[in-house]
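Only one structure is covered here, and it is reproduced in the block below.
Numbering (full-length UniProt numbering), first residue to last: 1 to 318.
This is how it looks when you write it as structure tokens:
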């Protein structure tokens, strides 16, 4: 059997091929971005290639890749490029990962972080339900490797839900002391069966709550997409659920449909509506909120981390 070619949609997302096509609506002016061409973009791309690393920027088709890479910012995606989940919104390849975890990957990630001179780095991953601890120890090793190679770099992780693992695996990640622990709820609970099958809304919420119980000083972060079919009331309820779990930082961005086989875009949420969500979220007590059409989990993450830290200091001072 020949290996999968992940550049071919049918092989990248075999589980979606039976889905009916959903037309991809024309993007409004406020969504469009320029193609990446800068020298900074090319330097970042070359360092990523040299270290044989995967980024969520490319794999998920992020619209901000040109802007972020031109500034030397990239979100590293560890544990391979094939995910064991089949979320209908996501452009990352799905299936059974063809390889075991790469024991040398944490060192390569750390070396790239050092060469890029990052003040702040975001590390995410595919879901690896085929691994006993879901990759918790691999996350911890990556955090420790970065601390050794780039001790002044602050570290943000965006983890899977570890739903099929012993609950204690979360302690392994928290004990490695990332600066920010992010896990995205992705959407409102009523849309989970069709948008995020295999995940459970209240499990993800509880995961973030447990991080705070294990280490009250650790910043927690979560995000959702809008434009999937939710309404404002359900988004507001998610905000309240997050604050009940003591989550510090909320991101809200527009869902963009990767291919006709993915979940359809219900509508494009206007910039004014995003501004309304941001105001509501701050009123509910979040330390930091990023809500805009192009907001993604790691967009402007370094600048936002500085603001997040300042907001906590101000709150404690008050």
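Here a beta-carbon is modelled for each residue, glycine too, at the ideal position from N, C-alpha and C. These numbers were taken from a predicted model, which means no experiment stands behind them.
Environment of residue i [buried if 16+ CB atoms lie within 10 Å]
i           : result
residue 110 : buried
residue 254 : buried
residue 143 : buried
residue 175 : exposed
residue 10  : exposed
residue 31  : exposed
residue 217 : exposed
residue 261 : buried
residue 211 : buried
residue 8   : exposed
residue 103 : exposed
residue 202 : exposed
residue 270 : exposed
Residue i versus residue j: straight-line alpha-carbon distance, rounded
i           : j           : result
residue 128 : residue 97  : 8 angstroms
residue 346 : residue 208 : The structure shown has nothing for residue 346, since the chain only spans 1 to 318.
residue 141 : residue 311 : 30 angstroms
residue 195 : residue 291 : 20 angstroms
residue 147 : residue 107 : 11 angstroms
residue 285 : residue 88  : 31 angstroms
residue 302 : residue 118 : 9 angstroms
residue 230 : residue 94  : 25 angstroms
residue 182 : residue 42  : 28 angstroms
Beta carbon proximity, residue i to chain D, threshold 8 angstroms
i           : result
residue 227 : Looking at the structure shown, chain D is missing, and only one protein chain is on hand.
Identified DSSP bridge partners for residue i
i           : result
residue 249 : 221 and 288
residue 181 : 157 and 220
residue 93  : 82
residue 186 : 224
residue 123 : 76 and 157
Chain-order list of residues whose beta-carbon lies under 7 angstroms from that of residue i (same chain, five-residue window excluded)
i           : result
residue 131 : 101
residue 241 : 205
residue 1   : Only weak support is given to the placement of residue 1: the predicted model assigns it a pLDDT of 44, under 50, and the question is left unresolved by the model.
residue 189 : 201
Beta-carbon proximity list for residue i, same chain, < 8 angstroms, skipping 5 on both sides
i           : result
residue 307 : 288
residue 263 : 22, 88, 89, 194, 195, 228, 255 and 257
residue 267 : 227
residue 6   : 12, 81, 82 and 93
Residues near residue i by beta carbon distance below 6 angstroms, same chain, minus five either side
i           : result
residue 14  : none
residue 133 : 165 and 169
CB of residue i within 8 angstroms of CB of residue j, strictly
i           : j           : result
residue 86  : residue 113 : no
residue 185 : residue 222 : yes
residue 121 : residue 158 : no
residue 375 : residue 80  : Residue 375 cannot be examined here, being either before or after the span of the chain that is shown, 1 to 318.
residue 187 : residue 228 : yes
residue 155 : residue 126 : no
residue 153 : residue 77  : no
residue 280 : residue 225 : no
residue 247 : residue 277 : no
residue 180 : residue 219 : yes
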